[in-house]
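Step one of this worksheet: look at the structure below.
Number of protein chains: 2
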Amino acid sequence: MPDYKVYYFNVKALGEPLRFLLSYGNIPFDDIRITREEWPALKPTMPMGQMPVLDVDGKKVHQSIAMSRYLAKQVGLVGADAWEDLQIDTVVDTINDFRLKIGVVSYEPDDEVKEKKLVTLNNEVIPFYLEKLDDIARENNGYLANGKLSWADLYFTAILDYLNYLTKTDLVANHPNLRQVTLNVLDIDQIKAWVEKRPKTEI
Amino acid sequence: MPDYKVYYFNVKALGEPLRFLLSYGNIPFDDIRITREEWPALKPTMPMGQMPVLDVDGKKVHQSIAMSRYLAKQVGLVGADAWEDLQIDTVVDTINDFRLKIGVVSYEPDDEVKEKKLVTLNNEVIPFYLEKLDDIARENNGYLANGKLSWADLYFTAILDYLNYLTKTDLVANHPNLRQVTLNVLDIDQIKAWVEKRPKTEI
Numbered sequence: 001m002p003d004y005k006v007y008y009f010n011v012k013a014l015g016e017p018l019r020f021l022l023s024y025g026n027i028p029f030d031d032i033r034i035t036r037e038e039w040p041a042l043k044p045t046m047p048m049g050q051m052p053v054l055d056v057d058g059k060k061v062h063q064s065i066a067m068s069r070y071l072a073k074q075v076g077l078v079g080a081d082a083w084e085d086l087q088i089d090t091v092v093d094t095i096n097d098f099r100l101k102i103g104v105v106s107y108e109p110d111d112e113v114k115e116k117k118l119v120t121l122n123n124e125v126i127p128f129y130l131e132k133l134d135d136i137a138r139e140n141n142g143y144l145a146n147g148k149l150s151w152a153d154l155y156f157t158a159i160l161d162y163l164n165y166l167t168k169t170d171l172v173a174n175h176p177n178l179r180q181v182t183l184n185v186l187d188i189d190q191i192k193a194w195v196e197k198r199p200k201t202e203i
Numbered sequence: 001m002p003d004y005k006v007y008y009f010n011v012k013a014l015g016e017p018l019r020f021l022l023s024y025g026n027i028p029f030d031d032i033r034i035t036r037e038e039w040p041a042l043k044p045t046m047p048m049g050q051m052p053v054l055d056v057d058g059k060k061v062h063q064s065i066a067m068s069r070y071l072a073k074q075v076g077l078v079g080a081d082a083w084e085d086l087q088i089d090t091v092v093d094t095i096n097d098f099r100l101k102i103g104v105v106s107y108e109p110d111d112e113v114k115e116k117k118l119v120t121l122n123n124e125v126i127p128f129y130l131e132k133l134d135d136i137a138r139e140n141n142g143y144l145a146n147g148k149l150s151w152a153d154l155y156f157t158a159i160l161d162y163l164n165y166l167t168k169t170d171l172v173a174n175h176p177n178l179r180q181v182t183l184n185v186l187d188i189d190q191i192k193a194w195v196e197k198r199p200k201t202e203i
């Protein structure tokens, strides 16, 4: 088995899907958490100067969704064929669009602009995405694709705390099917064990 | 062979990678181009109310990168193994990050904000991404991953006109390795034939 290291800040956010997937597969990994003080010196050593980064036997790779798909192949959480993989990839990219739309408002530096954008985000964008995703979860019986567990479910559940933090809300509270996705993931023994033992962080 | 339809506006942009991939595989497809007048009535019939959409035997799917990966599997432009696919996925998601960073400035509605953001985009973001991507293309001998042709090369070449339009420049003019990627793609017989016969559009 390769030697895996996850490099990220001491937060869940975009690093957590990697940690969920490795934990799901009972794959040991170094969970390396970089402080804000350490980061400037380390940044030039990372591809694209960003994290999360996955180190596989000394080779560093980046892009959280691409890395998650790679790990999903290692732990058996991909689809049974190309069509099933397309359904998984589509919902993951949709979740990523949702995250980016939230992020662009949350990280808006101009307070006045931010207030204006928050209205559209809260009244239109968030309800639209949550309704669509809840529909997908209902049609798929509490999963996000193909009516069965896949890395899309782990991806969503792993980043949900981050999305909730950014939006200052519980996004799945009123969306029972989407909530069921997270319950299904958090009920998996290996995920339970990981959540129990991971460092406690707000984001 | 399934019956393929590509639904998009009469532009290259995010629909063009699908048209490149289908053309590469000599797969016939309906190239359906929706006018701005037709769009409002059609929008509710599209998943997530967006295009491009790919219709495969009557089933509509969305998300341009996910659809491109699916088509790449059909036409033999994926990697030889999971590691090679990771390299392809990573560079495609990096290109997508680049596109989003350009788009968020290009589509900024406030002129004053846009002027300010354009400085950072032109002086920092664009040079950074082009240098990184050119390095990757050099290391991979005129391709974007694994030293050989993959759907990443077709994806980049297909959306480059759109990126050039948004940035009002020729992004690869001073990046010979990245330019070589596009020359390699545009030199493929099936792509040449497609470029020759496709509707002529600026974007």
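So the protein lines, in turn, are chains A and Y. The first sequence begins at 1 in UniProt numbering and counts up by one. The second sequence begins at 1 in UniProt numbering and counts up by one. Think of the CB as a built atom: it goes at the ideal place given N, C-alpha and C, for glycine as much as any other residue. Note that the structure is a prediction, hence the values are computed from the model and not measured.
Of the other Cβ atoms in all chains shown, fewer than 16 fall within 10 Å of the Cβ of residue 36/A; this residue is therefore exposed. Here DSSP, grouped into helix, strand and coil, assigns residue 93/Y to helix. When C-beta distances to chain Y are compared with 8 angstroms, every residue of the stretch 30-46 of chain A stays at or above that value. Spatial neighbours of residue 173/Y in its own chain (CB-CB distance under 8 angstroms, excluding positions within 5 residues in sequence) are listed in chain order as 179. Looking at the DSSP output, residue 172/A bridges to nothing. Taken through DSSP and simplified to helix, strand or coil, residue 19/Y comes out as helix. Judged by beta-carbon spacing, residue 126/Y lies beyond the 8 angstroms limit of residue 23/Y, meaning their Cβ atoms are not closer than that value. In terms of beta-carbon proximity, residue 69/A lines the interface with chain Y, with at least one pair separated by less than 8 angstroms. Counting C-beta atoms within 10 angstroms of its own C-beta, residue 92/A has 16 or more neighbours from the protein chains shown and is therefore classed as buried. Three or more beta-carbon pairs separated by less than 8 angstroms link the stretch 2-19 of chain Y to the stretch 162-172 of chain Y, which places the two stretches in contact. Residue 54/A is bridged by DSSP to 6/A and 61/A. Looking at the DSSP output, residue 198/Y bridges to nothing.
Excluding residues up to 5 positions away in sequence, 91 and 144 lie with their Cβ nearer than 7 angstroms to the Cβ of residue 136/A in the same chain. Assignment of residue 34/Y by DSSP, reduced to helix, strand and coil, places it in the strand class. Within the DSSP bridge table, the entry for residue 29/A names 4/A as partners.
150/A is the residue among 121/A, 150/A and 49/A whose C-alpha sits nearest the C-alpha of residue 87/A. Within the stretch 104-122 of chain A, 104, 110 and 113 place their CB atoms closer than 9 angstroms to a CB of chain Y, listed in sequence order. When secondary structure is reduced to three states using DSSP, residue 81/Y falls in the coil class, being assigned neither helix nor strand. Neighbours of residue 90/A across chain Y, judged by C-beta separation under 7 angstroms: 61, 62, 63 and 66.
Against chain A, the beta carbon of residue 94/Y has neighbours under 7 angstroms at 48 and 63, listed in chain order.
Residue environment for residue 31/A: buried (at least 16 other C-beta atoms within 10 angstroms of its C-beta). Residue 145/A sits in coil when the DSSP states are folded into three classes, being neither helix nor strand.
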